[in-house]
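Asker: Positions in the sequence shown are counted from 1; adding 2 to them yields the working numbering. Before I ask anything, let me first share the structure, which is written out below as structure tokens.
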Amino acid sequence: MEQVVVIGAGQAGASLISRLRSQGYTGRIVLIGAEDSLPYQRPPLSKAYMLGKMERHRLLLRPPAYYEEHGIEVMTGTRAAGIDPRAHRIRLQDGRDIAYDRLALTTGSVPRMLPEAMGGRLPGVYALRDLRDADALRGELRPGARVVIVGGGYIGLEAAAVMAQSGLQVRLLEAESRILARVAAPQTSAWFSELHRRHGVEIICGAAITRLVEREGRVAGAELADGTVLEADFVVIGIGIRPETALAESAGLAIENGIRLDTACRSSDPDIFAAGDCASFPWRGRRIRLESVQNAIDQGEAAADAMLGRPVEYAPVPWFWSDQYDVKLQIAGLNAGYDRIVTRQGSREGAISFWYYAG
């Protein structure tokens, strides 16, 4: 029987296998995931789940019975160690190997952390990428506790919102001159800066960290380039992610800011496809890599269609969202190439939009 193997049990992998079955694929499907959990939603980890408003089982993308009913073998807690494209085989870390006819890599991304020499591995220093991270952070949410958040992107701001709502003293450090500098216009940055300040978050932009301070074997603060030390009971790092391409590189696949794909989600090997945070693809005359749930869903489906021999050009409209306090930020398109911005008030109280135009 023909066999499709998917490495990476996140949103893109879950979307891909569901699409294969819904489109009539009858061969064997194996989904390999490094975490012990079945595929789950990641966005609530920095929002409702951390606030205690969402139970763990509600994070699951599909109920456990779905995989059995659809003949999908899910190998949780399993890591792939290497790929032999010529033999069409995958070697697992436990010594087993698995054959494939077609392979999809949905390996996602890993958080960027401060170097160990700067204190990046001290106890009390957290990223926020998976369930284990979220569970560890929930244990730190004590009213009055002091937290320093490094990074003013989506993750840093969402964490700041949750922690401010939980009664913590929150300081957020951003190296750029404004928050959300990579993804939004200055007007959007200013609006969300004011939102956080109204909730008691201290935002420090242009902040260069020289090291994390250690005391009694645990992080105790962050030292800035000017010598200022910000005391903290714990630190959250939200300085971006990098695509997880180690397996692809070991297999000799082309890499260009992620696994290099064509317009049909196919890698440089015709039998290996990819989707999600780990992959870059052609888009309007350039190559991009999108870090969003919507892209993981849509590209996972596009990769499945291509694996079924029905490829279509993957040309999405980039779309991102973020929940902070009772406000939803929605962004369509990319923060580049514009030369003027038009501000429009929404029909609902407090609603506002910023439109980017070129020419």
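Ideal Cβ positions, reconstructed from N, Cα and C, are used throughout, including at glycine. All values reported here derive from a predicted model rather than from experimental measurement.
In the DSSP output, what is A281 paired with across the bridge?
Answerer: For the purposes of this step, residue 281 is identified with residue 279 of the sequence shown, where counting begins at 1. DSSP output for A281 lists I261 as bridge partner(s).
Asker: If you draw a straight line from the C-alpha of I85 to the C-alpha of A306, how long is it?
Answerer: Residue 85 sits at position 83 when you count from the first residue of the sequence shown. Residue 306 sits at position 304 when you count from the first residue of the sequence shown. Each residue's Cα considered, the two are about 20 Å apart.
Asker: Taking the alpha carbon of L159 as the point to measure from, which residue in G202, E258, G146 and G122 has its own alpha carbon closest?
Answerer: Position 157 of the sequence shown, counted from the start, is the residue given in the question as residue 159. That would be G202, whose Cα lies nearest to the Cα of L159.
Asker: Consult DSSP for I241 and reduce its assignment to one of helix, strand or coil.
Answerer: Residue 241 sits at position 239 when you count from the first residue of the sequence shown. I241: coil per DSSP, three-state reduction.
Asker: At a cut-off of 6 Å, is G240 close to the ligand HEM when judged by its beta-carbon and the heavy atoms of the ligand?
Answerer: This structure simply doesn't include the ligand HEM, nor any ligand for that matter.
Asker: Considering only the alpha carbon of each residue, which of R104, A83, R220 and P45 lies closest to L130?
Answerer: Indexing the sequence shown from 1 puts residue 130 at position 128. The residue with the shortest Cα to Cα distance from L130 is P45.
Asker: Rounded to whole angstroms, what is the Cα-Cα separation between Y102 and D273?
Answerer: Along the sequence shown, one-based indexing puts residue 102 at 100. Along the sequence shown, one-based indexing puts residue 273 at 271. Each residue's Cα considered, the two are about 9 Å apart.
Asker: So the candidates are R88, G54, A308 and Q332; which of them puts its Cα closest to the Cα of R144?
Answerer: Locating residue 144 in the sequence shown gives position 142, counting from the first residue. With distances taken between Cα atoms, R144 lies closest to G54.
Asker: When the distance is taken between beta carbons, is H198 closer than 7 Å to A162?
Answerer: Sequence index remark: in the sequence shown, residue 162 carries index 160 (1-based). Sequence index remark: in the sequence shown, residue 198 carries index 196 (1-based). Yes, the pair counts as a contact, with Cβ atoms nearer than the cut-off.
Asker: Taking DSSP as the reference, what is the three-state secondary structure of G302?
Answerer: Start at 1 with the first residue of the sequence shown, and residue 302 comes out as number 300. If DSSP states are grouped into helix, strand and coil, G302 belongs with the helices.
Asker: Helix, strand or coil: how does DSSP classify Q167 here?
Answerer: One-based indexing of the sequence shown puts residue 167 at position 165. Helix.
Asker: Fully enclosed by the stretch 117 to 179, which beta strand (DSSP E) runs are 3 residues long or longer?
Answerer: 148 to 152 and 171 to 176
Asker: Measuring only the C-alpha atoms, how far is P87 from F275?
Answerer: The residue labelled residue 87 in the question sits at position 85 within the sequence shown. The residue labelled residue 275 in the question sits at position 273 within the sequence shown. So the alpha carbons of these two residues sit roughly 12 Å apart.
Asker: Going by alpha carbons, who is nearest to H72 out of T28, R98 and E233?
Answerer: Residue 72 sits at position 70 when you count from the first residue of the sequence shown. For H72, the nearest C-alpha among the options comes from T28.
Asker: From P66 to Q296, what distance separates their C-alpha atoms?
Answerer: Within the sequence shown, numbered from 1, the residue matching residue 66 stands at position 64. Within the sequence shown, numbered from 1, the residue matching residue 296 stands at position 294. Taking the straight line from one Cα to the other gives about 23 Å.
Asker: Exposed or buried, S349, counting other C-beta atoms within 10 Å across all chains shown (16 or more means buried)?
Answerer: For the purposes of this step, residue 349 is identified with residue 347 of the sequence shown, where counting begins at 1. When all chains shown are included, S349 counts as exposed.
Asker: Run the CB neighbour count on R289, radius 10 Å, all protein chains shown included, and call it buried at 16 or more, exposed below.
Answerer: Taking the sequence shown and counting its residues from 1, the one referred to as residue 289 is at position 287. Taking all protein chains shown into account, R289 has fewer than 16 neighbouring C-beta atoms within 10 Å of its C-beta and is therefore exposed.
Asker: Could you tell me if T230 is buried or exposed, where buried requires 16 or more neighbouring beta carbons within 10 angstroms of its beta carbon?
Answerer: Here residue 230 corresponds to residue number 228 of the sequence shown, with the count starting at 1. A residue is called buried once 16 or more other Cβ atoms fall within 10 Å of its Cβ, and T230, having fewer, is exposed.
Asker: Using 7 Å as the threshold, is the C-beta distance between V76 and L33 below it?
Answerer: The count along the sequence shown starts at 1 and reaches residue 76 at position 74. The count along the sequence shown starts at 1 and reaches residue 33 at position 31. In contact: V76 and L33 (Cβ atoms closer than 7 Å).
Asker: For Y51 and R134, I'd like the C-alpha separation in whole angstroms.
Answerer: For the purposes of this step, residue 51 is taken as the residue at position 49 of the sequence shown. For the purposes of this step, residue 134 is taken as the residue at position 132 of the sequence shown. So the alpha carbons of these two residues sit roughly 12 Å apart.
Asker: If you count every other CB in all the chains shown that lies within 10 Å of the CB of T109, and 16 or more means buried, which is it?
Answerer: The residue given as residue 109 occupies position 107 in the sequence shown. Flag for T109 reads buried.
Asker: Let's test the definition: count the other Cβ atoms within 10 Å of the Cβ of G155 and tell me whether it reaches 16, buried, or not, exposed.
Answerer: For the purposes of this step, residue 155 is taken as residue 153 along the sequence shown, with counting starting at 1. G155 comes out buried.
Asker: Start and end of the beta strand (DSSP E) containing S270?
Answerer: For the purposes of this step, residue 270 is taken as residue 268 along the sequence shown, with counting starting at 1. It is not in any beta strand (DSSP E) - S270 carries neither H nor E in the DSSP assignment.
Asker: Does Y359 pass the burial test, meaning 16 or more other C-beta atoms within 10 Å, or should it be called exposed?
Answerer: Taking the first residue of the sequence shown as position 1, residue 359 is located at position 357. That one is exposed.
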